[in-house]
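What follows is a short report on a single structure.
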Amino acid sequence: MKRGYLIALEGVDGTGKSTQCQLLAEYLESCGFPVVRLREPTTGVWGQKIRKILTEGRGEVTPEEELQYFINDRKEDVEQNIIPALEEDKIVLIDRYYYSTAAYQGALGFDPQKIVNDNESFAPRPDLLFIIQGSLDESFRRIEKGRDGFSSFEKRDYLEKVQKIFDTFDGNHIRRIDGDPPIKEVQRVLRQEVNGLLKIEEAS
Ligand code: TYD
Numbered sequence: 001m002k003r004g005y006l007i008a009l010e011g012v013d014g015t016g017k018s019t020q021c022q023l024l025a026e027y028l029e030s031c032g033f034p035v036v037r038l039r040e041p042t043t044g045v046w047g048q049k050i051r052k053i054l055t056e057g058r059g060e061v062t063p064e065e066e067l068q069y070f071i072n073d074r075k076e077d078v079e080q081n082i083i084p085a086l087e088e089d090k091i092v093l094i095d096r097y098y099y100s101t102a103a104y105q106g107a108l109g110f111d112p113q114k115i116v117n118d119n120e121s122f123a124p125r126p127d128l129l130f131i132i133q134g135s136l137d138e139s140f141r142r143i144e145k146g147r148d149g150f151s152s153f154e155k156r157d158y159l160e161k162v163q164k165i166f167d168t169f170d171g172n173h174i175r176r177i178d179g180d181p182p183i184k185e186v187q188r189v190l191r192q193e194v195n196g197l198l199k200i201e202e203a204s
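Here the sequence shown stands for residues 1 to 204, where the numbers follow my numbering.
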């Protein structure tokens, strides 16, 4: 089956993922590719439940329920957005995907590899997965600058655990990217990788 490409960006909060995703989308569109930009958690019913946890805290929500919310949200996204776009040969750029579930909910005590395996039973594996990593100090500075206040997940000890789990993933589709350099420099590295995947000739 001919299909498009799925490119995912992952990393702890404040690594500049969303900015990089936006710049990458602009680049690919300027090269003439049809791009679909997605983001998880989504704005669907499960995504809204998740946003509530992020703004109000976990409260009575158990870790099992939290994990299930993310899975339900992703199942919808896969069925309604990801698979249809890939079948139309589009390039899907997704800001967070199932590696976030493995890392963030893994940090609550679930087995990260099992979370990856469970997700891969219904969610297509990305052709390219960028894990953007940088110092947590820099991440916290960016989060503070970017919006008012921290979400309930943006706590240092929790994000340290999340980062450690991100460090354990490996595979041919994974590229670890240093997120600390200036935005333009990080973007240059991402574009190089994407050029390789999509056989885009670089302008000299
Ligand atoms: P995100 O939308 O990237 O954050 P923001 O809107 O604040 O930029 O993601 C929201 C949070 O959800 C982030 O802390 C990571 C977390 N998350 C999980 O815990 N599990 C998941 O599966 C996903 C997709 C996100």
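Backbone N, C-alpha and C define an ideal beta-carbon position, used for all residues, glycine too.
These figures come from a predicted structure and were not determined experimentally.
Sixteen is the threshold: since fewer than 16 other Cβ atoms of the shown chains lie within 10 Å of the Cβ of Asp167, the residue is exposed. Counted as a single uninterrupted DSSP element, the alpha helix (DSSP H) harbouring Glu66 occupies residues 63-77.
Taking the CA atoms as reference points, Ser18 sits about 20 Å from Val78. In this structure Asn117 is exposed. Its beta-carbon is surrounded by fewer than 16 other beta-carbon atoms within 10 angstroms.
Secondary structure note for Asp95: it is in no alpha helix (DSSP H), and the uninterrupted beta strand (DSSP E) holding it is 91-95. Proximity of the beta carbon of Asp13 to the ligand TYD is indicated: a heavy atom of the ligand is located closer than 7 Å. Judged by DSSP secondary structure, Phe166 falls outside any beta strand (DSSP E) and instead within the alpha helix (DSSP H) spanning 156-166.
Here the C-alpha atom of Gly134 lies approximately 5 Å from the C-alpha atom of Gly179. Here Pro126 really is in contact with Leu6; their C-beta atoms are around 5 Å apart, less than 8 Å. For the options Glu65, Ile94, Ile115, the alpha carbon positioned closest to that of Cys21 is the one of Ile94. Contact between Gly171 and Asp89 is absent: CB atoms are separated by about 24 Å, not below the 8 Å threshold. Using a 10 angstroms sphere on the CB of Gln105, the tally of other CB atoms reaches 16 or more, which defines it as buried.
In the structure shown, the three-state DSSP call for Val12 is coil. According to the DSSP assignment, Gln48 belongs to the alpha helix (DSSP H) that extends over 45-56. Of the heavy atoms belonging to the ligand TYD, at least one sits nearer than 7 Å to the Cβ of Phe153. With contacts defined as CB atoms closer than 8 Å, Ile165 and Ala107 qualify as a contacting pair.
DSSP places Asp180 outside both helix and strand once states are collapsed to three, so it counts as coil. Separation of Leu28 and Ala85 (C-alpha to C-alpha, rounded to the nearest whole angstrom) is 15 Å.
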